[in-house]
Amino acid sequence: MNRRKFLGSSAMAAAVAGMPMINGGFFASPAFAGSDRPITFLSAENLTGNWNPTAHTALSQIIFEGFVFGYLTRAPMSPDNPDEIVFELATAMTLIDEHTLEFKLRKGVKFHNGEPFTANDVKATFEYASQPEHPAQWYPGQARVDVIDDHTAHVKTKEFGYPASLFWFLSAFLPIMSAKDIADGTALTERPNGTGAFKFVKQDGNTTVLEANMDFFAGPPKVPGVNFSFSGDATTRMLSLLSGEADIIERLEAEQVDTINSKTGFRLNQAVSVENKYLWFRCSKPPFNDWRLRRAVSHAIDRDVILEVLGASGTPSNAWISPVKFGYVDTPNYPQYDPELCQKFLADAGFPRAEGLPKLEYLTSVGFYPKTKEYGEVITAMLQEQGFDVEFSAMEVAAWGDRLYDRPGGGPGHMIDCGWATGSPEPDLVLRTHFHSSSKRICGIEDAELDAVLDKERNATDPAERKRVIQEEVMPMLAEKTPSLSLFTSVFIHAMREDLEGMFIYPNGMLDATQATNA
């Protein structure tokens, strides 16, 4: 997707480029040029109810935060230019030395409560969010920030032993919070307070009501607000769009795509996303604490068949990160469908034809990700064909979410289906988050060799060398040890009313409605 083409001469694009605007931009009048009614967006996942951006790993909340919070930079993440960075609250970003990253900050920006945005907020946000106890621990390690002046901040990492350049891409993923809210202790959880184009008004059942921020630094939005609503069923979301109850919906499945294409007055947006879908193995407990059994399962799965089931919702991936992330490579030794290799690894592990293995519990969700039940049943049949005894459980998102993460002694089940999407090209948001022993999110793997190559790529100060390590060392080792099998890269499909124009959709599902019009 071409962001410049999609946004045109928007106020945001002009602000980023530093160009003044006369119409619809910095000097716009408070009148809503695009519509007198808010945009209604139907989310496939509910919000958590905790407004603290560091307290969750839910994609729905990340999408919501994109409306309300500001970011130092944004990363459009086009497959043609995955390393692109667009400035937002920052106006410049400079690597001063190996352990110092300087941000020059935009002047005249205010939080929704009227407080001015300064370098103190950057300091508080980085130092708070990088603490390891937060559930949303996305960051390479703790950071210290020196405030040089109100609009200059230096992110320092020397005392923590990793290069500051790792925050280059992460600057596009961390919502900037108010230093006063962080110091308060409870304000973050009670009410979202950002610098974004829309302000939180209230929670009304499953709908989060937002209103236009008339003081937004790039000029007021063209619509009066956004209603962010939850609808957990893909068909229900589509019917709501067709009936006029919704303006834009997400996570369409193939049959909904066909229906929308057959109707007039609607259009689709399809994009290769930052999200890969994985079959995660519980590496922290038998039998998948043995890499040979993880490889055996991986070679039993024909991913081409899964893509046939998915239709438009997926695209091939032979790596543990999406093609729009830094360091993607078509990994040469990626586990491919090969029943003979499956049986070889089973025999080598002492379980010929899977005899003697326990029943394997395979968990997935329904209602959020497309076709999980359908392709889960296909995977179950493939495994059973190779002798595995598999119990397949498809459950509602909330129940599945309660079982998602690893626990002491091993998480629920033996395999669990889950995607992982982040709003930055930074690969460690997947690689280190899941496969380093210091994290152990879903698969729970602890492996010294894998830790060593992940540390090596993290500590590389030259981006070219870091990319080489990811492609030539990290990915091949993941292919050997297979803590999870990346099944495919998701294609995010949104459908919207034809008269909803100017909405930019990021590859992680976040929406930029600063220039949206809703006739």
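Per the working numbering, the very first residue in the sequence shown carries number 89; after that it's consecutive. Each residue gets a CB set at the ideal place from its N, CA and C atoms; glycine is no exception.
- Cβ-Cβ separation between T419 and E186: approximately 29 Å, too far for a contact (criterion under 8 Å).
- I264 is positioned such that its CB atom lies closer than 8 Å to that of L160.
- Under the DSSP definition of a beta bridge, K544 lacks any partner.
- According to the DSSP assignment, T296 belongs to the beta strand (DSSP E) that extends over 295-300.
- Inter-residue distance for L542 and V562 is about 7 Å (C-alpha atoms, whole angstroms).
- Within the region 305-339, the complete beta strand (DSSP E) segments at least 3 residues long are 313-318, listed from N- to C-terminus.
- With distances taken between CA atoms, G284 lies nearest to L177 out of L177, M326, E278, Q291.
- Nearest in C-alpha terms to H387, of all of I581, L429, C371, E589, is L429.
- Inclusion of F305 and C531 in the CB contact set at 8 Å is not warranted, their separation being larger than that value.
- Using a C-beta cut-off of 8 Å, the region 332-346 makes contact with the region 123-133, since at least three inter-stretch Cβ pairs fall below that distance.
- In this structure I236 is exposed. Its beta-carbon is surrounded by fewer than 16 other beta-carbon atoms within 10 angstroms.
- Taken through DSSP and simplified to helix, strand or coil, E589 comes out as strand.
- A straight-line Cα-Cα distance of about 14 Å links A607 and A601.
- Inter-residue distance for S253 and L517 is about 14 Å (C-alpha atoms, whole angstroms).
- Counting C-beta pairs closer than 8 Å gives three or more between the region 432-448 and the region 475-487, which meets the contact rule.
- Take the alpha-carbon of M326 and the one of L340: they are about 8 Å apart.
- The Cβ atoms of F286 and G313 sit closer than 8 Å to each other.
- For M503, same chain residues with a beta-carbon under 8 Å away, outside a window of 5 residues either side, are L367, W368, F369, R370, F376, V385, L448, E449, Y450, L451 in chain order.
- In the DSSP assignment, C506 falls outside any alpha helix (DSSP H) and within the unbroken beta strand (DSSP E) covering 503-508.
- Of the candidates D539, G154, A241, R382, the residue whose Cα lies closest to the Cα of H524 is D539.
- Take the alpha-carbon of T510 and the one of T577: they are about 13 Å apart.
- Take the alpha-carbon of L381 and the one of L471: they are about 12 Å apart.
- The region 440-477 is shown to contain whole beta strand (DSSP E) runs of 3 or more residues at 448-454, in chain order.
- According to the DSSP assignment, F369 belongs to the beta strand (DSSP E) that extends over 354-369.
- Here S386 carries a helix assignment [DSSP, helix/strand/coil].
- Rounded to whole angstroms, the gap between the alpha carbons of A267 and N140 is 13 Å.
- One Cα belongs to G455, the other to F152, and the distance between them is close to 19 Å.
- Per DSSP, the unbroken beta strand (DSSP E) holding L183 starts and ends at 178-185.
- F214 is a Cβ neighbour of V233, given a cutoff of 8 Å.
- Approximately 16 Å separates the beta-carbon atoms of W379 and K528; this is outside 8 Å, ruling out the contact.
- Exclusion of the five residues before and after K432 leaves no residue of its chain whose Cβ lies closer than 6 Å to its Cβ.
- Residue range 519-523 is occupied by the alpha helix (DSSP H) that includes F523.
- Going by C-alpha positions, G293 is about 11 Å away from F316.
- For N606, the pairing in a beta bridge is given by DSSP as L588.
- Residues of the same chain with a CB within less than 8 Å of the CB of A322, apart from the 5 flanking positions on each side, are A132, R339, L340, E341, Q344, G455, P458 in chain order.
- Per the coordinates, the alpha-carbon of P280 lies some 14 Å from the alpha-carbon of S148.
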